[in-house]
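For the sequence shown, the working numbering gives the first residue as 379, with consecutive numbering after it.
Even glycine gets a Cβ: it sits at the ideal position worked out from N, Cα and C.
Accompanying notes for the structure given below.
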Amino acid sequence: MHKTNVLVFSDMAYRMKDNARMFFLVTIVSTVAICAMGGLMGYQETIHKQISDAYPFAYNYIQTTGDVGQAAYQTKIIEQVLKERGIRYDKLSVHLANFDSINGQSLNFIRLSEYTKLAKALDYPVLSLQGNEAATIWTMRNRPLPEREWSVKGTSITFNMKQTVGKPVTPPIVDEPLLIVQDEMLDSFGNPKEEHLLTAYDTDSADSTADTGEAIAQQLGYAQTSGFWFTSPAYLEEQMKRTYNLMLFVGLFVSCVFFVASGSFLYFRLFTDLNDDKQKYRSITKIGLTDKELEKVATLQMALLFFVPLAVALIHSSVALYALHNLLHSPVIHSAITVYSVFLVAQFLYFLLIRARYLKHLKQSAGFN
Numbered sequence: 379m380h381k382t383n384v385l386v387f388s389d390m391a392y393r394m395k396d397n398a399r400m401f402f403l404v405t406i407v408s409t410v411a412i413c414a415m416g417g418l419m420g421y422q423e424t425i426h427k428q429i430s431d432a433y434p435f436a437y438n439y440i441q442t443t444g445d446v447g448q449a450a451y452q453t454k455i456i457e458q459v460l461k462e463r464g465i466r467y468d469k470l471s472v473h474l475a476n477f478d479s480i481n482g483q484s485l486n487f488i489r490l491s492e493y494t495k496l497a498k499a500l501d502y503p504v505l506s507l508q509g510n511e512a513a514t515i516w517t518m519r520n521r522p523l524p525e526r527e528w529s530v531k532g533t534s535i536t537f538n539m540k541q542t543v544g545k546p547v548t549p550p551i552v553d554e555p556l557l558i559v560q561d562e563m564l565d566s567f568g569n570p571k572e573e574h575l576l577t578a579y580d581t582d583s584a585d586s587t588a589d590t591g592e593a594i595a596q597q598l599g600y601a602q603t604s605g606f607w608f609t610s611p612a613y614l615e616e617q618m619k620r621t622y623n624l625m626l627f628v629g630l631f632v633s634c635v636f637f638v639a640s641g642s643f644l645y646f647r648l649f650t651d652l653n654d655d656k657q658k659y660r661s662i663t664k665i666g667l668t669d670k671e672l673e674k675v676a677t678l679q680m681a682l683l684f685f686v687p688l689a690v691a692l693i694h695s696s697v698a699l700y701a702l703h704n705l706l707h708s709p710v711i712h713s714a715i716t717v718y719s720v721f722l723v724a725q726f727l728y729f730l731l732i733r734a735r736y737l738k739h740l741k742q743s744a745g746f747n
C-alpha cells in the first residue's frame, strides 16, 4: 500500500482543490440535514421532560373564582371518571394567594403546611421555617432570584429568603417565584388580591394515562371556563406529540432530501470524471499497477471524498446541537448521537454501492475484467 501513497495523495490534492465548492455544498447540506433531525428528535425528549417537571401530579383542577358549587360539581366529574376506570388516587387541595408588594410587584404565596402536604406526596424534602423566614420555588436555573427580601403592601412584615426549592409542587398556575411562608404569617396579610384553589390527584405513574385525561376533559366539556380548568400532563403530552409527529415527518423528509442531494453531488462528480479516471488508470496499469492496488487507490480516494465533508458536517452540527442542549436543558446529545450513527451508516452503505459501480467501470477500462 505504501508504494501507492504518492499516487493517492497527489491525485487527492488536485481533487480537493478542483472540487472545493462541491465539498462546501456537501458539507453545508449534510449539516442542515443532521441539525434538522437532531433538533427535532431532541425536542421530542424535551416535551416529556418539560411537562413532567412542570406538572408533578397526574390530574389537576384549578379554580380561580368563588363559585364553590361549580368547583364541587366539576371535581365530582373528575373523581367519577377515575373511579370508573379503577384508578386509586389521593386528593390534595391547597390555596395559592396573590398579594402586592410595597414596590408594586405581584407576589404569590403558599402556606407551609400545604406545601408540606404536596412535598410529602412527591417525596420531596420537607422545609422548616422560623419567624419571618420564607422559602421560594424558583425553577429558572439560568436566571438569578430577583430579590432576597419582600414586604407585602399594607403590612409591616418583611420576610427573608432562607432557601430556594428547585422543583415545582404545583402546575404553572402563577408566575414564579412562589413563596412559602408560615401559615400564621400568610393569614396575617388579610384578604388576597386573587386566590387559586388547586385540587391535585396523586396516582401511580402507570395510572396516569392520556386516554383518562382525555375522557375527563371531554366530560367537563364546555363547563370549563376562564375561572375553572383541568390539566393532565399525560393528555397534554399526547396532544403536543400529535403536533410534533407532523413536524418530525416534515423534518425527516427534508433531511432525506438533503442527504440524497449531498450524495448526488458526489455521485455526479465522480462519474463526470470517470472518463479521465479510466484513461489515467489504463495508463498506470501498463507500468505495473495491479488489480488489488487499483482497488485500494480508488477506494481510499472515494472514501476521502465521501467522508471528509461528512466529518466536517458532524463537527459543525455538534456545535449547533450542543448550543441547543444548553438552551433547552434537555438530553439533545443522546438524540444527536443517534442521528450521527444513522447518517454514518447510511453514508457508508451509499459509499459501498457507488464504490462497486465505480470500480467495475475502472476495471473494465483497465482490462482486469
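Is the Cβ-Cβ distance between residue i and residue j less than 8 Å?
i	j	result
residue 457	residue 473	no
residue 695	residue 420	no
residue 547	residue 434	yes
residue 644	residue 683	yes
residue 633	residue 407	no
residue 466	residue 587	no
residue 559	residue 512	yes
residue 515	residue 552	no
residue 540	residue 507	yes
residue 647	residue 397	yes
residue 599	residue 442	no
residue 424	residue 690	no
Looking at the unbroken beta strand (DSSP E) that takes in residue i, where does it start and where does it end?
i	result
residue 422	Per DSSP, residue 422 belongs to no beta strand (DSSP E); it is in the alpha helix (DSSP H), 398 to 432.
residue 508	Residue 508 -> no beta strand (DSSP E), and no H or E assigned at all.
residue 529	527 to 529
residue 536	536 to 543
Relative to the alpha-carbon of residue i, which residue among the options has its alpha-carbon at the smallest distance?
i	options	result
residue 570	414, 478, 426	478
residue 700	640, 412, 397	412
residue 538	404, 690, 663, 527	527
residue 483	512, 555, 439	555
residue 728	691, 744, 710, 680	680
residue 468	442, 499, 732, 450	499
residue 495	447, 405, 578, 427	578
residue 697	686, 715, 664	715
residue 616	405, 429, 418, 399	429
residue 509	447, 532, 536	536
residue 719	705, 735, 692	692
Who are the Cβ neighbours of residue i in its own chain at under 8 Å, not counting the five residues just before and after it?
i	result
residue 739	652, 656
residue 530	477, 478, 479, 480, 485, 567
residue 422	619, 622, 626, 713
residue 459	590, 593, 594, 597
residue 414	629, 632, 633, 636
residue 677	733, 737
Excluding the five sequence neighbours on either side, which residues of its own chain have a C-beta within less than 6 Å of the C-beta of residue i, listed in chain order?
i	result
residue 610	437, 591
residue 475	487, 570, 573
residue 401	687
residue 576	440, 472, 548
residue 663	744
residue 725	688
residue 613	588, 591, 592
residue 703	710, 711
residue 449	441
Keeping to the same chain, check which residues put their C-beta closer than 7 Å to that of residue i; ignore five residues upstream and five downstream.
i	result
residue 379	With a pLDDT of only 47 at residue 379, under the threshold of 50, the placement of this residue in the model should not be trusted; the figure read from the coordinates follows. Taken in chain order, the residues that qualify are 674.
residue 601	The predicted position of residue 601 is uncertain, since its pLDDT is 49 and thus under 50; a value taken from the coordinates is nonetheless stated next. Within the same chain, residue 601 has close Cβ partners 452.
residue 432	546, 549, 550
residue 607	440
residue 463	590
residue 730	none
residue 403	643
residue 717	412, 415, 416, 419
How far does the alpha helix (DSSP H) with residue i in it reach, from first residue to last?
i	result
residue 717	710 to 744
Counting only runs that start and end within the segment 433 to 498, where is the beta strand (DSSP E) found for 3 or more residues in a row?
Correct list: 437 to 441, 468 to 478, 484 to 489.
In chain order, which continuous runs of the beta strand (DSSP E) of length 3 or greater are located wholly inside the segment 552 to 608?
556 to 559, 572 to 580
Please specify which runs of the alpha helix (DSSP H), each continuous and at least 4 residues long, are wholly inside the segment 617 to 705, giving them in chain order.
652 to 663
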